[in-house]
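Student: Okay, here's the structure, questions in a sec.
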Amino acid sequence: MSASPEQLARAAVDLVDHPRAREEGLQVRAGLAYGSVLAINGDYFGGPVNLAARLVAAASPNQILADSALHDELPDWPADAYGPLMLKGFDDPVPAFDLRVRTPPR
Numbered sequence: 070m071s072a073s074p075e076q077l078a079r080a081a082v083d084l085v086d087h088p089r090a091r092e093e094g095l096q097v098r099a100g101l102a103y104g105s106v107l108a109i110n111g112d113y114f115g116g117p118v119n120l121a122a123r124l125v126a127a128a129s130p131n132q133i134l135a136d137s138a139l140h141d142e143l144p145d146w147p148a149d150a151y152g153p154l155m156l157k158g159f160d161d162p163v164p165a166f167d168l169r170v171r172t173p174p175r
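Each residue of the sequence shown is one higher than the last, beginning at 70 in the numbering used here.
See the structure below:
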């Protein structure tokens with residue numbers, strides 16, 4: 070969770086592209102969604118939480134999938150269209166974007 074879309078994307082890149090993960094052969098993947106959530110006693114609830122969980126399940130190893138809301142908040146971050154995806158719990162196909170694992174221009 071992060072209030073900043075850029076911090077959220079950078080954290081995902083740090084995890085997916087971590088040197089130790091590569092050394093250990095870990096197949097790290099991430100799913101990111103942006104929007105309002107409800108926080109109660111350290112737990113988070115809401116549509117973005119559910120969508121992020123479905124995106125991480127759809128991601129390949131070393132991939133970061135983001136929803137269109139997050140992609141819209143990161144216009145300078147390199148990304149490729151990926152999908153739309155049929156995700157469990159969603160009636161309609163969900164647009165997704167493959168965020169590239171590299172630092173965006175500042």
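Just so it is clear, CB atoms sit at the ideal spot from N, CA and C, and this is done for glycine as well.
Does the Cβ-Cβ distance between S137 and P164 come in under 8 angstroms?
Tutor: Cβ atoms of S137 and P164: closer than 8 angstroms.
Student: For the alpha helix (DSSP H) holding L101, just list the boundary residues, first then last.
Tutor: Where L101 is concerned, there is no enclosing alpha helix (DSSP H), although the beta strand (DSSP E) it sits in stretches over A99 to L101.
Student: Got a sec, what are the start and stop residues for the beta strand (DSSP E) G152 sits in?
Tutor: Run containing G152: A148 to L154, per the beta strand (DSSP E) assignment.
Student: Is the beta carbon of I133 closer than 8 angstroms to that of A99?
Tutor: Against a cut-off of 8 angstroms, the Cβ pair of I133 and A99 comes out as a contact.
Student: Please determine, among E93, P147, D83 and L154, the residue with the shortest C-alpha to C-alpha distance to A121.
Tutor: It is L154.
Student: Would you list the residues sitting across from F166 in a DSSP beta bridge?
Tutor: A135 and A150.
Student: Measure the CB-CB distance between V97 and A108 and report whether it falls below 8 angstroms.
Tutor: No. Outside cutoff.
Student: Whose C-alpha, out of N131, P130 and A102, is nearest the C-alpha of R186?
Tutor: Outside the modelled stretch of the chain, which goes from 70 to 175, sits residue 186, for which no answer is possible.
Student: Which runs of the beta strand (DSSP E), 3 residues or longer, sit entirely within the segment 71–113?
Tutor: You should have 99–101 and 107–109.
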